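For reference, the structure is listed below as structure tokens.
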Amino acid sequence: MTYFPEEVVERIFDFLATHRDRNAVSTVCKTWYRVERLSRRSVFVGNCYAVRPERVVARYPRLRSLTVKGKPHFADFNLVPHDWGGFALPWIEAAARGCPGLEELRLKRMIVFDESLELLARSFPNFKVLVLISCEGFSTDGLAAIATYCRVLRELDLQENEMEDRGPQWLSCFPDSCTSLVSLNFACLKGEVNAVSLERLVARCPNLRTLRLNRAVSVDTLSKILARAPHLVDLGTGSFTIDHRAEAYHKLINNFIKCKSLRSLSGFWDATPRCLPAVYPICGNLTGLNLSYAPAIQGADLIKLIRQCSKLQRLWVLDCIGDKGLAVVANTCKELQELRVFPSDVYGEGIAAVTEEGLVAVSSGCPKLISLLYFCHQMTNAALITVAKNCPQFTRFRLCILDPGKPDPVTNQPLDEGFGAIVQSCKDLRRLSLSGHLTDQVFLYIGMYAERLEMLSIAFAGDSDKGMVYVLNGCKNLRKLEIRDSPFGDAALLEDVGKYETMRSLWMSSCDVTLGGCKTLAAKMPRLNVEVINEMDESDELEENPSDLHRVEKMYVYRTVAGPRNDAPDFVWTL
Amino acid sequence: MELELGLALPNNHLMKGLDLNDGSTTNSYRKRGFEEAFEEVIPKATLPLFVHKNGGDGDDENDSPQLKNSPELNSISGNRALVGWPPVKHPRRRSAGGGAEERWSEHCGSNSDDGGGGRRAKCVKVKMEGVAIGRKVDLSLHDSYEELFHTLNQMFPNMQHGFAHHPHHHRRRFMVTYEDGEGDWLLVGDMPWEDFIRSVKRLKILS
């Protein structure tokens with residue numbers, strides 16, 4: 000194949016859609032490596048510490064799109080200290096030096112400072128897309144810089160970030176000449192925005208298709224925006240409180256009716272049921288609906304709304320939908336692919352909102368269901384077995400029984416058989432989260448059947464090291480394993496140290512791994528970073544040399560070609 | 000003697016038969032009695048109780064016992080103080096409806112600011128003399144000194160006689176002291192609970 004001119008090889012590579020394929024062809028021979036790296040437009044870095052930014056930029060000078068992820072997933076649940084790491088600045092600096100043609104940057108769980116955003120805004124004349132998910136460390140000042148200097152900005156997408164609000168001015172920083180916006184999402188912003196600036200911005204961006212407002216935006220403003228932008232496809236309403244008798248309400252309904260292209264709705268903060276009829280006109284077209292921030296919409300009102308959404312593919316709700324509501328979903332939403340049911344009442348002291356019944360109903364009524372996140376108060380093996388039979392096509396299955404370690408309430412048995420049925424039936428399962436009372440048996444099943452599994456989350460499960468070993472030995476495609484509060488120790492950790500080089504990362508917290516075990520792992524595998532996280536401060540009388548028998552509270556292991564990182568805070572020891 | 004402790008509040012690696020209140024012997028996935036009233040977490044596999052090589056009292060730092068798992072019972076706060084559970088992202092917690100917002104527990108180590116609603120956690124460090132690693136206790140989950148001492152009893156279970164909030168309790172072997180806002184070290188229990196909560200910065204247990 001080396002007698003093909005390089006231009007032809009490059010054209011052939013254009014057809015390779017996935018990162019994996021492109022990575023694979025780059026290893027064939029030197030020519031292909033060179034062709035591939037010079038034509039590579041998009042790079043995905045799953046762990047920002049697995050490789051140095053300079054290396055990425057040096058290898059792919061023509062990069063247009065870069066995605067980087069920082070903190071481990073359990074950081075979402077406050078298990079990782081905020082200053083653990085994951086800084087965006089080195090990446091932005093390296094890209095500024097080496098890839099001036101960068102157009103898109105997507106960051107997840109990273110620390111992004113305003114200075115970093117400013118550097119970003121000034122360094123890339125063609126910058127088009129900025130997506131920040133679950134990041135922190137920046138404020139509206141950083142956004143102002145983006146708005147001011149990114150002349151051809153198309154997308155500014157802020158999802159669930161912890162950002163400081165320094166005032167509404169940032170939105171006014173979009174110059175009058177900015178007409179290129181296609182997607183703007185500032186739903187996670189806490190403070191006010193200037194309504195007039197917002198309306199003007201929307202009015203001058205004819206290509207705007209996604210707009211997600213934050214809670215501070217009034218319904219009045221929303222109404223005006225809809226009037227200006229009836230071509231919206233994805234809308235996040237602001238606070239949805241209106242007096243349903245007022246004229247403003249009728250205006251809103253009329254404006255919604257004009258939005259023939261609307262396919263996805265979210266927001267609905269503070270929404271009350273009486274306001275819902277405003278969206279009835281467009282429900283029939285909706286493919287996506289997120290009501291998970293609207294606890295006031297329950298019972299009959301919720302059901303009435305859902306009955307009109309027959310084309311839904313993606314539904315996010317609170318568990319106050321109840322099993323009854325889920326039965327309605329099962330009857331109505333035959334196109335449903337993704338369902339997420341979030342908890343509204345955590346401690347189960349109120350009404351048991353959703354149980355196994357709701358899940359079984361949906362599994363039998365929605366033949367296209369492939370992705371599930373389900374918080375419930377109880378689950379039975381029988382239900383899981385039924386779900387597994389009904390939906391063998393699950394790719395993502397995340398079940399969270401709110402009471403940790405709770406068994407099947409009917410039989411008092413662990414849920415091993417239920418989850419076993421899921422992994423056995425769902426051959427394409429890529430992501431699985433377990434909960435409830437589970438013994439080593441479930442891990443035996445997972446190791447045996449979950450061949451395509453890439454990510455596994457374990458909490459309060461298992462009896463012994465054998466459990467973890469079953470998983471490590473069995474799941475060939477495992478990339479991320481995260482475990483908390485489970486009795487797995489050094490024997491399991493060290494059973495197959497080579498395995499971790501085939502994975503992106505391993506997280507273990509509140510398990511039985513000791514410092515000695517971590518040191519052994521680090522010594523055997525130089526291309527892994529073994530991080531031990533110890534949150535103490537100097538006022539504690541910390542032992543100089545804690546014993547190797549000490550249990551390690553938090554451990555994060557990941558493969559890397561970058562060596563130990565140099566930005567780790569004091570409480571993170573890379574062994 | 001070294002305790003193997005972590006910042007997470009006692010997890011559910013509980014030993015069967017540890018709790019004398021537990022009357023049942025087989026297939027008991029849930030503890031009964033006292034714990035049940037507080038919806039405690041289910042006990043897990045049988046891991047050995049901590050085994051002292053030299054069988055010393057609590058003051059030996061030169062020991063290296065085979066302490067596999069601290070036999071900690073769940074504190075009175077139970078599930079409410081379980082860190083990072085349920086696994087829901089922070090922004091969602093603040094918007095959760097009804098009483099959930101009040102009952103969410105902030106992670107003790109987290110720096111994040113819990114905006115408007117919701118109870119603030121008050122986590123203070125607790126250090127026991129002679130023990131290498133300190134713990135953290137969320138005072139906002141306690142309403143009285145009794146509850147606090149109960150939690151401390153469970154955090155440092157090798158203390159034979161525990162703590163008592165009885166100034167004349169002669170068998171009391173340990174004193175709980177605290178550092179107040181001005182840097183002074185005072186005895187816990189002398190002032191009303193509410194005042195104590197406001198001024199306490201950290202705790203130290205002396206023998």
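Residue numbers (numbering that gives the first Met the number 0), protein chains in the order written: chain A, 0 to 574; chain B, 0 to 206.
Glycine residues also receive a C-beta, built at the ideal position from the N, C-alpha and C atoms.
All values derive from a computational prediction rather than experimental measurement.
I need the boundaries of the alpha helix (DSSP H) containing residue i, first residue and last residue.
i	result
G419 of chain A	D415 to S424
V128 of chain A	Careful: V128 of chain A lies outside any alpha helix (DSSP H), inside the beta strand (DSSP E) at V128 to I132.
W90 of chain A	L88 to G97
F148 of chain B	Y144 to M154
I252 of chain A	E246 to I256
R227 of chain A	V218 to R227
Y580 of chain A	Residue 580 of chain A cannot be examined here, being either before or after the span of chain A that is shown, 0 to 574.
N472 of chain A	D464 to G473
L325 of chain A	G321 to T331
Quick one: what's residue i bridged to in DSSP?
i	result
V27 of chain A	For V27 of chain A, which the question treats as bridged, DSSP gives no partner whatsoever.
A458 of chain A	A:R483
K124 of chain B	B:K135 and B:R201
S64 of chain A	A:S41 and A:E103
Residues in its own chain within less than 7 Å of residue i by CB, not counting five upstream and five downstream?
i	result
V79 of chain A	K70, P71 and F73
P342 of chain A	D318, F374 and L401
G412 of chain A	Contrary to the premise, residue 412 of chain A reads as Gln rather than Gly in this sequence. The answer, listed in chain order, is N380 and P406.
N125 of chain A	G100, E102 and V151
H167 of chain B	Note that H167 of chain B has pLDDT 45, beneath the 50 cutoff, so the model's placement of it is unreliable and the number below is only indicative. No residues qualify anywhere along the chain.
I75 of chain B	Low local confidence applies: a pLDDT of 29 at I75 of chain B is under 50, so the model's placement there is unreliable, with the coordinate-based value given in what follows. The residues are F37, E146, H149 and T150.
G45 of chain A	K68 and R503
What are the boundary residues of the beta strand (DSSP E) that includes residue i?
i	result
E481 of chain A	K479 to R483
Y555 of chain A	K553 to R558
R430 of chain A	R430 to S432
N184 of chain A	S182 to N184
I204 of chain B	R201 to L205
Q158 of chain A	E154 to Q158
S509 of chain A	From DSSP, S509 of chain A is part of no beta strand (DSSP E); its letter is neither H nor E.
S138 of chain A	E135 to S138
N289 of chain A	G287 to N289
R620 of chain A	Not covered by the structure: residue 620 of chain A. The range shown for chain A is 0 to 574.
R313 of chain A	R313 to L317
D233 of chain A	D233 to G235
W184 of chain B	W184 to L186
Taking the beta carbon of residue i as the centre, do at least 16 other beta carbons fall within 10 Å, making it buried, or is it exposed?
i	result
H249 of chain A	exposed
E193 of chain B	exposed
R96 of chain A	exposed
P406 of chain A	buried
A16 of chain A	exposed
V560 of chain A	exposed
V409 of chain A	exposed
S206 of chain B	exposed
Y2 of chain A	exposed
R197 of chain B	exposed
C28 of chain A	exposed
D427 of chain A	exposed
V316 of chain A	buried
Y54 of chain A	The residue asked about is misnamed: residue 54 of chain A is Arg in this sequence, not Tyr. Under this definition R54 of chain A is an exposed residue.
Skipping 5 residues on each side, what residues in its chain have a beta carbon closer than 8 Å to that of residue i?
i	result
A215 of chain A	L188, K189, G190, E191, V192, G237 and S238
R40 of chain A	R61, L62, R63 and S64
T385 of chain A	V359, S362 and S363
R262 of chain A	V232, D233, N284, L285, T286 and G287
V56 of chain A	L62, A93, A94, R96, G97 and C98
Can you give me the Cβ contacts of residue i inside the same chain, cut-off strictly under 6 Å, excluding the 5 residues immediately before and after it?
i	result
W506 of chain A	P71, F73, E481 and Y555
G515 of chain A	D547
C134 of chain A	L106, M109, V111 and N160
A490 of chain A	D464
A186 of chain A	R211, N213 and G235
A95 of chain B	With a pLDDT of 44 at A95 of chain B, under the threshold of 50, the modelled position of this residue cannot be trusted; read the value that follows with caution. Cβ neighbours of A95 of chain B beyond the five flanking positions: none.
E181 of chain B	none
T178 of chain A	R203 and C204
Q336 of chain A	Q312, K367 and I369
Would the C-beta of residue i count as close to the ligand NAD, meaning under 8 Å from any of its heavy atoms?
i	result
L520 of chain A	Of the ligands one can find in the structure shown there are none, so the ligand NAD has no counterpart to examine.
Worksheet item: Okay, do the region 516-527 of chain A and the region 490-508 of chain A touch, 3+ Cβ pairs below 8 Å being the bar?
Response: These segments touch.
Worksheet entry | At least three beta-carbon pairs within less than 8 Å, the region 191-199 of chain A to the region 154-174 of chain A | Touching, yes.
Practice prompt. Could you say if the region 9-28 of chain A and the region 449-469 of chain A meet the contact criterion of at least three C-beta pairs nearer than 8 Å?
Written response: No: the two stretches stay apart, fewer than three of their Cβ pairs being nearer than 8 Å.
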